[in-house]
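Numbering (the numbering used here), first residue to last: 2 to 183.
Following this line, the structure appears as structure tokens:
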């Protein structure tokens, strides 16, 4: 949200809509602070990251330090800055073990990068267009009919677990780049 203040202190005037917005903003910062505090406590217990925010936080980080980049409007730059930092010991160890990141096993060990990719998939709708698939045959499924060669958008695989019925039909659709190479 962009703040436009032509008069100093205008956002604190007793105008009902401004007061409501200020209360909502305060509540959002409180909720984010609670989430950060809970994630720091959980990470201190088991020591492994479960989500992108977990991977960015150290156990010694206070919730105020973690909230500073978010409240400063740098929420889009923060992950990029962390990714551009010098290679960690994990990356150096993986490079010495595998030689390069061309192998799938090496990429699976990069938990922070995987968390960034999963976060991007969950937040950025344009990424779903990269997951398009092509029907390999005429398919009728759940009342819909897909002709052979029809493009099908597929959402984030992390959200669709094995028990979901959508995964049972996925072998009927090939990724778009696979079809182009045939």
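For glycine and all other residues, C-beta sits at the position ideal for the given N, C-alpha and C.
{"Check": "Check whether residue 106 and residue 99 have beta carbons under 8 Å apart", "Outcome": "yes"}
{"Check": "Neighbour-count burial assignment, residue 152, 16 or more Cβ in a 10 Å radius", "Outcome": "exposed"}
{"Check": "Counted within 10 angstroms of its Cβ, other Cβ atoms place residue 95 as buried (16 or more) or exposed", "Outcome": "buried"}
{"Check": "Status (buried if at least 16 other CB within 10 Å, exposed otherwise) for residue 136", "Outcome": "buried"}
{"Check": "Per DSSP, the bridge partner or partners of residue 141", "Outcome": "146"}
{"Check": "When 144, 92, 22 and 140 are compared against residue 112, the one with the closest alpha-carbon", "Outcome": "92"}
{"Check": "Euclidean distance between Cα positions of residue 36 and residue 27", "Outcome": "14 Å"}
{"Check": "Buried versus exposed call for residue 149 [16 or more other C-beta atoms within 10 Å across all chains shown]", "Outcome": "exposed"}
{"Check": "C-beta neighbour in chain C for residue 138, strict 8 Å", "Outcome": "The chain labelled as chain C is not found in the depicted structure, where only one protein chain is given."}
{"Check": "Element boundaries [alpha helix (DSSP H), containing residue 109]", "Outcome": "105-109"}
{"Check": "Cross-strand partners of residue 152 (DSSP beta bridge)", "Outcome": "135"}
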